[in-house]
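So the structure is just underneath, and the comments pick up after that.
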Amino acid sequence: MNAEQPLEARCDHCKQTRPLFLYEPDHNCHLVPRDCEWCDRDKQPLLCVRCWDQEREREENQPPTAEELALTEFFVGMSARTNRSTPEADR
Ligand SMILES: [Zn+2]
Ligand SMILES: [Zn+2]
């Protein structure tokens, strides 16, 4: 976050007049293309610190899609096989 004097205005979430910060999503690189509420927004909201933190938490806790889960499983399986071939890797 920059050290500039934040502007005070109405927060997009709680509608209270507070110093606001532009929300910037943290995950512009997805493993697979997906519908993402944060990346798909044309304009990020201006949020007070509290709402900003909530938004970041919500973004971080966003459940992975089926494709992402499959891909993760695939990578995990690959590295398991490279490290040591375990019989249970073959299903
Ligand atoms: Zn707020
Ligand atoms: Zn995203």
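Residue numbers for the sequence shown follow the numbering used here, so the first one is 114 and each next one is one higher.
Quick reminder that beta carbons are idealized off the backbone N, C-alpha and C, glycines included.
None of these values were measured; they are calculated from a predicted model.
Requested in this report: Locate the alpha helix (DSSP H) running through Thr195, then write down its first and last residues.
Outcome: Here the question's residue 195 lines up with position 82 in the sequence shown. Segment 179–196, the alpha helix (DSSP H) holding Thr195.
Report task. Determine the direct distance from the alpha carbon of Arg171 to that of Thr185, and round the result to whole angstroms. Result -> For the purposes of this step, residue 185 is identified with residue 72 of the sequence shown, where counting begins at 1. For the purposes of this step, residue 171 is identified with residue 58 of the sequence shown, where counting begins at 1. Cα-Cα distance, rounded: 21 Å.
Query raised in the report: How would you write the range of the beta strand (DSSP E) that Glu168 sits in, first residue to last?
Result: Here residue 168 refers to the residue found at position 55 of the sequence shown. Here Glu168 belongs to no beta strand (DSSP E); instead the alpha helix (DSSP H) covers 162–173.
Report task. List the whole-angstrom C-beta distance separating Cys124 from Leu182, where the pair is believed to meet the contact cut-off of C-beta under 8 Å. Result -> By 1-based counting over the sequence shown, the position of residue 124 is 11. By 1-based counting over the sequence shown, the position of residue 182 is 69. Cys124 to Leu182, Cβ: 34 Å. No contact.
Query raised in the report: Can you list, in chain order, the residues of its chain whose CB lies under 8 Å from that of Val162, leaving out five sequence neighbours each side?
Result: The sequence position of residue 162 within the sequence shown is 49, counting from 1. If you ignore the 5 residues before and after Val162, its C-beta comes within less than 8 Å of the C-beta of Arg131, Pro132, Phe134, all in its own chain and listed in chain order.
Query raised in the report: Between Lys138 and ligand 2, is the CB less than 7 Å from at least one heavy atom?
Result: Stepping through the sequence shown from its first residue, residue 138 is reached at position 25. Note that residue 138 is Pro in the sequence shown, not Lys. Here the distance from the Cβ of Pro138 to the nearest heavy atom of ligand 2 is below 7 Å.
Query raised in the report: Do you know whose CA, among Cys149, Lys128, Ala122, lies nearest Thr178's CA?
Result: What you label residue 178 is simply residue 65 of the sequence shown in a count that begins at 1. Nearest to Thr178 by C-alpha distance, out of Cys149, Lys128, Ala122, is Cys149.
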